[in-house]
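Using full-length UniProt numbering, the first residue of the sequence shown is number 1, and each one after it goes up by one. As structure tokens, the structure follows; a few thoughts come after it.
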Amino acid sequence: MSSSKVTVPKGSWVLVTGVNGFVGTHVAKQFLEHGYKVRGTVRDVSLYPWLVNDLFKTYAQSGDFEVVTADLEADNAFEEAVKGVQIIQHVASVMSFSPDPNTVIPQTVKGVTSLLEAAIKEPSVKEFVYTSSLVASTAPALGNNTNVTRDSWNDMAVELAWAPPPYEPSRGPVVYMASKAIAEKAAWDFVKDKKPHFTLNVVAPSGIIGEPLNKFNTDKGSSWLKYLYDGSLERIIGMPASKYHWVVDVKDTALLHVAAALDPETKGERIQAWGNNIHWDDFLAIFRDLYPNEKWVDDFTGKVKLSITTDQTPALALLKKWGNQDGWTTPRDSVAQAVDVYLKWYPRS
Numbered sequence: 001m002s003s004s005k006v007t008v009p010k011g012s013w014v015l016v017t018g019v020n021g022f023v024g025t026h027v028a029k030q031f032l033e034h035g036y037k038v039r040g041t042v043r044d045v046s047l048y049p050w051l052v053n054d055l056f057k058t059y060a061q062s063g064d065f066e067v068v069t070a071d072l073e074a075d076n077a078f079e080e081a082v083k084g085v086q087i088i089q090h091v092a093s094v095m096s097f098s099p100d101p102n103t104v105i106p107q108t109v110k111g112v113t114s115l116l117e118a119a120i121k122e123p124s125v126k127e128f129v130y131t132s133s134l135v136a137s138t139a140p141a142l143g144n145n146t147n148v149t150r151d152s153w154n155d156m157a158v159e160l161a162w163a164p165p166p167y168e169p170s171r172g173p174v175v176y177m178a179s180k181a182i183a184e185k186a187a188w189d190f191v192k193d194k195k196p197h198f199t200l201n202v203v204a205p206s207g208i209i210g211e212p213l214n215k216f217n218t219d220k221g222s223s224w225l226k227y228l229y230d231g232s233l234e235r236i237i238g239m240p241a242s243k244y245h246w247v248v249d250v251k252d253t254a255l256l257h258v259a260a261a262l263d264p265e266t267k268g269e270r271i272q273a274w275g276n277n278i279h280w281d282d283f284l285a286i287f288r289d290l291y292p293n294e295k296w297v298d299d300f301t302g303k304v305k306l307s308i309t310t311d312q313t314p315a316l317a318l319l320k321k322w323g324n325q326d327g328w329t330t331p332r333d334s335v336a337q338a339v340d341v342y343l344k345w346y347p348r349s
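Following this line, the structure appears as structure tokens:
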């Protein structure tokens, strides 16, 4: 971590929503390792005993890590959770990929706005970081040549998501994209209208890959690589960006969340964290090179890559300043860290 001044001193409390998730566990881990205390939220504490009994056991025993219940969809869900915290990391989101916008978009927006409302009532809060997504700005689709700027929004997804029924399964990814766009806009509108006493920054990653910290997460945020590892072609083909995408390592993503909260010069920023532009065949080539004795699925046909672009200079500068990194973690390193875990947890026959 940078030796520069920080917005909030070590020993302060950080609230991480969705601390059981693929990204949430990494965000919590990095804050803990750098001397901060973490209060994580989940929908039901009883479902995730491994957080305090295994993954963060040492920190829990020392009183530096705790888990509380907070349902995104409940009224006043975060009133108690925010008490005494200096930093809020809103990582949780609705990830059902339901094709019905009425079951995704209002709940996602409510999760953001209710947490912001709770934060504005808590004087201790200094920094608020929201986990958005590339898809809030544009669609990862072939033929889309958009150069994403701060003012880019995925308005097409919003329009398609709210189109009249029937709600076919293929609409699920579009609804998710729309939910991220509408929720992030709601966060910026809140800050503009309410002028809170805390700073809002947004981290917008692309497809997130890398090492899961618990088995629970292998079929969640890191599922893309897991499907390739399993050879589950039917699941891969049905994914929203089948065969091509921008991808970013989960540890890079978590570090940017830390930097967005602690960096005094980062205020009101929309940090695009897309990482590397890649095709699934690139992943398979890495699999074969790193694990030549394993049998992998054949390459896909029509090797193409996305042509959407953005300025990632701000994100790269933060990685350098706060992690002493000279660029993004390579897809090769991300794959190696993930598959090493898969081979241990899910040996191939």
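Quick reminder that beta carbons are idealized off the backbone N, C-alpha and C, glycines included. Just so you know, these numbers come straight off a predicted model, no measurement behind them.
Rounded straight-line distance, which links the Cα of residue j to that of residue i
i           : j      : result
Lys305      : Asp282 : 11 Å
Asn53       : Val67  : 11 Å
Ala92       : Val19  : 8 Å
Asn76       : Asp44  : 16 Å
Thr131      : Tyr48  : 22 Å
Thr266      : Gln30  : 18 Å
Trp328      : Asn277 : 11 Å
Ile182      : Gly84  : 29 Å
Tyr167      : Glu159 : 14 Å
residue 362 : Asn217 : The chain is shown from 1 up to 349; residue 362 falls before or after that span and cannot be answered.
For residue i, three-class secondary structure by DSSP
i      : result
Gly111 : helix
Lys215 : helix
Asn53  : helix
Trp345 : helix
Trp224 : helix
Trp274 : coil
Gly24  : helix
Gly207 : strand
Glu234 : helix
Lys192 : helix
Phe31  : helix
Phe283 : helix
Leu200 : strand
Tyr48  : coil
Trp322 : helix
Glu117 : helix
Asn76  : coil
Val19  : coil
Ile88  : strand
Arg171 : helix
8 Å Cβ shell around residue i - same chain, five flanking residues per side excluded
i      : result
Ile209 : Ser222, Trp224, Leu225, Val247, Val248, Asp249, Val250, Pro331, Ser334, Val335 and Ala338
Thr149 : Thr310 and Asp311
Ser206 : Ser133, Leu134, Pro140, His245, Trp246, Val247, Val248, Ala273, Trp274 and Gly275
Gly11  : Gly35, Tyr36 and Lys37
Neighbourhood of residue i by C-beta, 6 Å cutoff - its chain only, sequence neighbours within 5 removed
i      : result
Gly323 : Leu255
Trp345 : Lys215
Asp64  : Lys37
Ala261 : Ile87, Glu127 and Val129
Leu115 : Phe78 and His90
Ala161 : Pro101, Val174, Val175 and Ala178
7 Å Cβ shell around residue i - same chain, five flanking residues per side excluded
i      : result
Ser98  : Val104, Gly172 and Val175
Thr146 : Thr138, Ser152 and Ile308
Val191 : Leu200
Lys5   : Pro264
Val341 : Glu211 and Pro212
Lys194 : Ile120
Spatially closest choice to residue i from the options, by CA coordinates
i      : options                           : result
Pro9   : Gly18, Thr25 and Tyr36            : Tyr36
Pro314 : Lys303, His279, Asn277 and His257 : His257
Ala178 : Gly11, Glu80 and Ala157           : Ala157
Asp230 : Glu294, Gln272, Ala186 and Asp193 : Glu294
Ser62  : Leu316, Leu32 and Leu228          : Leu32
Leu142 : Lys321, Leu343 and Tyr244         : Tyr244
Ala119 : His279, Asn144, Lys185 and Gln89  : Gln89
Ala204 : Ile271, Val341, Val112 and Asp189 : Ile271
Val27  : Ala259, Pro196, Ala70 and Ser170  : Ala259
Ala163 : Leu233, Phe56, Pro101 and Tyr59   : Pro101
Val297 : Glu234, Val82 and Ser114          : Glu234
Thr113 : Pro196, His34 and Arg348          : Pro196
Leu343 : Leu319, Val42, Gln325 and Tyr291  : Tyr291
Ala70  : Ser46, Trp50 and Asn154           : Ser46
Asp189 : Gly268, Asp155, Pro169 and Asn154 : Gly268
Closer than 7 Å: residue i CB and nearest the ligand SAH heavy atom
i      : result
Ala336 : Summarising the ligand content, the structure contains no ligands, and the ligand SAH is consequently not present.
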